[in-house]
Amino acid sequence: MGIVLNCLYLPLVYVLVVLSLFVFSGNGTDQVLELGKRLLTDFIYERVRRHADSSTQLSVSRTQLGGSELCDHNEKKLAQCLQQIGDELDGNTQLQSMINDTALQPSQEVFMSVACEIFSDGKFNWGRVVALFYFACRLVIKALLTKVPDIIRTIISWATDYLRDHVINWIREQGGWEGIRSYFGTPTWQTVGVFLVGVLTTVLVIRRM
Numbered sequence: 010m011g012i013v014l015n016c017l018y019l020p021l022v023y024v025l026v027v028l029s030l031f032v033f034s035g036n037g038t039d040q041v042l043e044l045g046k047r048l049l050t051d052f053i054y055e056r057v058r059r060h061a062d063s064s065t066q067l068s069v070s071r072t073q074l075g076g077s078e079l080c081d082h083n084e085k086k087l088a089q090c091l092q093q094i095g096d097e098l099d100g101n102t103q104l105q106s107m108i109n110d111t112a113l114q115p116s117q118e119v120f121m122s123v124a125c126e127i128f129s130d131g132k133f134n135w136g137r138v139v140a141l142f143y144f145a146c147r148l149v150i151k152a153l154l155t156k157v158p159d160i161i162r163t164i165i166s167w168a169t170d171y172l173r174d175h176v177i178n179w180i181r182e183q184g185g186w187e188g189i190r191s192y193f194g195t196p197t198w199q200t201v202g203v204f205l206v207g208v209l210t211t212v213l214v215i216r217r218m
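Numbering (my numbering) for the sequence shown: 10 to 218.
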């Protein structure tokens, strides 16, 4: 009887250990998605602050975005990388001209058109993830400029839902969001602006047909 119990006990212990590793590793889908949402809301908050001046009077609180200030040191490092890429994209005059096009209004149809075009070939990389963040952010800024602030949390929900349904498994396979820091250290990140210009060109052509 003791031998039988031991035989049953060992596989059970193994299963429990595997489950505990998954739950507490910090890279389960829920944890990765939650961090993604925190990074997105922080990214938007900081970019709105950078775009604010006396003429636009842009203003948004972390509470309005449904987020809070990042406290974790590693998360702050990731946020800094995103902001630096955001600064680079803000300096791309061709990209800014396209984003300011009146055809790109803060609507779900526009967001989904751009998001689907970003990943239309089924390929994933950090540049495309950042492009998704940046476009969601610019839609929020448009919403604030056109005095429809009630939609900003909805835009964040669109982006979070798209991440969950289409991108989060790839991010998990990379070991989580830390990969952004490695990506930022390569020359490739500087091509994000060119890529996003191509995406927006395609979307604008389709919308005008």
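By construction, the Cβ of each residue, glycine as well, lies at the ideal position given by its N, Cα and C atoms.
On a predicted model such as this, the values are computed, not experimentally measured, just so you know.
Out of curiosity, what's the CA-to-CA distance linking Ser129 and Gly188? 22 angstroms
What residues in its chain sit with their C-beta under 7 angstroms from that of Val139, if we drop five residues either side in the sequence? Leu91, Ile94 and Val201
Contacts around Met107, its chain only, beta-carbon distance under 6 angstroms, and the 5 residues preceding and following it disregarded: Leu209
Inter-residue Cα distance where the pair is Gln199 and Ala124: 20 angstroms
Nearest CA to the CA of Asp159: which residue from Pro115, Lys132, Leu79 and Trp135? Pro115
Of the listed residues Ile165, Lys151, Thr211 and Gln105, nearest to Glu43 (C-alpha basis): Ile165
Where does Leu205 sit, in a helix, a strand or coil, going by DSSP? helix
Please list the segments of the beta strand (DSSP E) lying wholly inside the segment 99 to 144, counting only runs of 3 or more residues, in order along the chain. none
Can you tell me whether Arg286 is buried or exposed? The criterion is at least 16 other CB atoms within 10 Å of its CB, across all chains shown. Outside the shown range of the chain, which is 10 to 218, sits residue 286, and nothing can be said about it.
The alpha helix (DSSP H) with Ser166 in it runs from where to where? Ile161 to Tyr171
In chain order, what residues of the same chain lie with their CB nearer than 8 angstroms to the CB of Thr111, ignoring the 5 residues before and after it? none
Are Tyr54 and Val41 closer than 8 angstroms when you measure CB to CB? no
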